[in-house]
Amino acid sequence: MKIALPSCRNQVDAHFGHCESFTVFTLENGAIASRETITPPPGCGCKSDIAQTLAGMGVELMLAGNMGQGAVNVLGGRGIRVVRGCSGDVREVVEHWLAGTVSDSGIACDQHEHGCHEPG
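Take a look at the structure:
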């Protein structure tokens with residue numbers, strides 16, 4: 000299984016649509032087996048084809064901070080489940096998800112600009 004997180008300097012980026020990169024973890028036998036970083040194309044992530052790129056890599060889950068419902072729908076349409084409300088070190092977030100202590104906040108960001116984004 001592969002899990003992606005919008006990231007900036009090894010932290011979950013607060014806003015999916017404007018993240019610096021995506022960190023993708025590959026899981027094997029319930030543990031982290033590998034990690035890679037994907038740089039999205041320039042511009043707003045919600046308008047790019049990043050969902051298709053991630054789905055093509057085999058990503059099944061997105062652990063994110065804030066994300067608008069439109070992006071949730073696009074990812075879902077590509078077979079990627081979304082869990083919002085995540086924050087902190089990307090590896091630790093994945094480890095918490097593996098331990099069963101991460102759940103979706105259900106809160107959708109309604110700002111298309113950088114309003115939800117707090118620079119790190």
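The sequence shown begins at 0 in numbering that gives the first Met the number 0 and counts up one residue at a time. Each residue gets a CB set at the ideal place from its N, CA and C atoms; glycine is no exception. Since we're looking at a predicted model, the values are computed, not measured.
What's the C-alpha gap between Cys32 and Gly75? Reading the sequence shown from its first residue, position 33 is the one you call residue 32. Reading the sequence shown from its first residue, position 76 is the one you call residue 75. The displayed chain sequence assigns Ala, not Cys, to residue 32. One Cα belongs to Ala32, the other to Gly75, and the distance between them is close to 25 Å.
Beta carbon of Leu26 nearer than 8 Å to that of Leu62: Taking the first residue of the sequence shown as position 1, residue 26 is located at position 27. Taking the first residue of the sequence shown as position 1, residue 62 is located at position 63. A distance of 8 Å or more separates the beta carbons of Leu26 and Leu62.
Here's the rule: buried if 16 or more other CB atoms are within 10 angstroms of the residue's CB, otherwise exposed. What is Pro39? Along the sequence shown, read from residue 1 onward, the residue named residue 39 stands at position 40. That one is buried.
Taking all protein chains shown into account, decide if Gly114 is buried (16 or more other Cβ within 10 angstroms of its Cβ) or exposed. Translated into positions along the sequence shown, residue 114 becomes position 115. Residue placement at Gly114 cannot be trusted, given a pLDDT of 38 that sits under 50; what the coordinates show is reported in the next sentence. Gly114 should be labelled exposed.
Let me check understanding here. Comparing Cα to Cα, which of Asp12, Glu35 and Arg80 lies closest to Ala50? Position 51 of the sequence shown, counted from the start, is the residue given in the question as residue 50. Ranking the options by Cα distance to Ala50, first place goes to Arg80.
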